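K.L.:
One structure is given below, represented as structure tokens, and several questions about it will come after.
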Amino acid sequence: EYISKLRSAMELNAQAGSAAGNILRWDWEEGEPGLSNVVDSLGVTELVYGAIQDRGSGRLGLGNDQELKGVSGCLPMYRREAIEESSMNRELFDARYHTYKEDVDLAFRLYSANWMPMIVEGAVAHHRREVRRDSKREHISYASQFHSYRNHLWNLLTHLSVDDMVRRGWAIVPYEIAKMGYLLFMHPTIVWRTLTDTIEYFPELMKKRSWYGARTR
């Protein structure tokens with residue numbers, strides 16, 4: 006039913022490149038699953054300082070006035086034409102990301118190519134999320150923190166425009182410096198591995214930046 010509702014909505018809107026429903030939290034207590042009414046994701050939005058977060062996460066109401074930048078990688082539906090048009094290599098996700106933020110990269114690609122994201126409110130599903138916005142860092146695995154940090158940096162290098170820096174650099178730069186400072190103190194190897202991987206992948210990131218930038222709305 007969830008899939009059929011997404012498909013019907015996309016068939017009615019030829020400009021929709023991606024769609025998802027109302028994703029609610031699937032909480033586990035003492036080994037027993039519990040389907041909650043708490044929002045897990047109503048799509049993703051970009052904050053002024055460049056961080057990406059799930060719209061409505063942790064709230065009970067489904068309404069949200071934050072800008073919809075794209076859909077979460079949890080239970081999405083994508084239009085094949087949109088993926089092929091917005092991908093340099095006709096790929097869905099960038100395999101080098103491995104995990105975390107690859108859905109954000111795709112959301113930016115689709116957005117810059119003028120494909121619209123949709124949240125279909127009549128479609129409801131539940132999701133058990135490993136890492137939530139309110140999770141304490143000491144409870145988040147090293148691998149999760151590494152991939153999240155590195156892939157966020159890759160998304161900035163690929164999609165952050167000069168205009169973005171002119172308008173929001175005052176917020177983005179201090180935020181990134183503070184985050185790097187925290188990791189240098191708590192997990193210095195995350196920063197080192199990120200820099201090593203980024204140097205290795207940098208030529209490809211610049212190719213992507215040039216290709217996607219030429220298609221920016």
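Its first residue numbered 6, the sequence shown is counted upward by one per residue in the working numbering.
Every residue gets a Cβ at the ideal spot worked out from N, C-alpha and C, and that includes glycine.
None of the values given here were measured: they were computed from a predicted structure.
1. Starting from D169, trace the alpha helix (DSSP H) in both directions and tell me its first and last residue.
2. According to DSSP, is W159 part of a helix, a strand, or is it coil?
3. Determine the burial state of W159: buried for a count of at least 16 other Cβ atoms within 10 Å of its Cβ, exposed for fewer.
4. Report yes or no: do the stretch 119-138 and the stretch 174-188 share at least 3 C-beta pairs separated by less than 8 angstroms?
5. Can you tell which of T194, M82 and E51 has its C-alpha closest to the C-alpha of S9?
6. Roughly how many whole angstroms lie between the Cα atoms of R30 and S153?
7. Quick one: is L40 buried, meaning 16 or more other Cβ sit within 10 Å of its Cβ, or exposed?
8. Which residues bound the beta strand (DSSP E) around E90?
9. Give me whichever residues DSSP pairs with L40 in a beta bridge.
10. Can you tell me the Cα-Cα spacing of Y7 and R101, whole angstroms?
11. By DSSP, does S149 sit in helix, in strand, or in coil?
12. So, A87 versus A56, is the Cβ gap smaller than 9 angstroms?
P.N.:
According to the structure shown:
1. V167 to M191
2. helix
3. The residue is buried, with at least 16 neighbouring Cβ atoms inside 10 Å.
4. No, because fewer than three Cβ pairs between the stretch 119-138 and the stretch 174-188 fall closer than 8 angstroms, the two stretches do not touch.
5. M82
6. 21 angstroms
7. exposed
8. It is not in any beta strand (DSSP E) - E90 instead sits in the alpha helix (DSSP H) that spans R85 to E90.
9. W31
10. Cα to Cα, Y7 sits roughly 30 angstroms from R101.
11. Helix.
12. Taking 9 angstroms as the Cβ cut-off, A87 and A56 do not qualify as a contacting pair.
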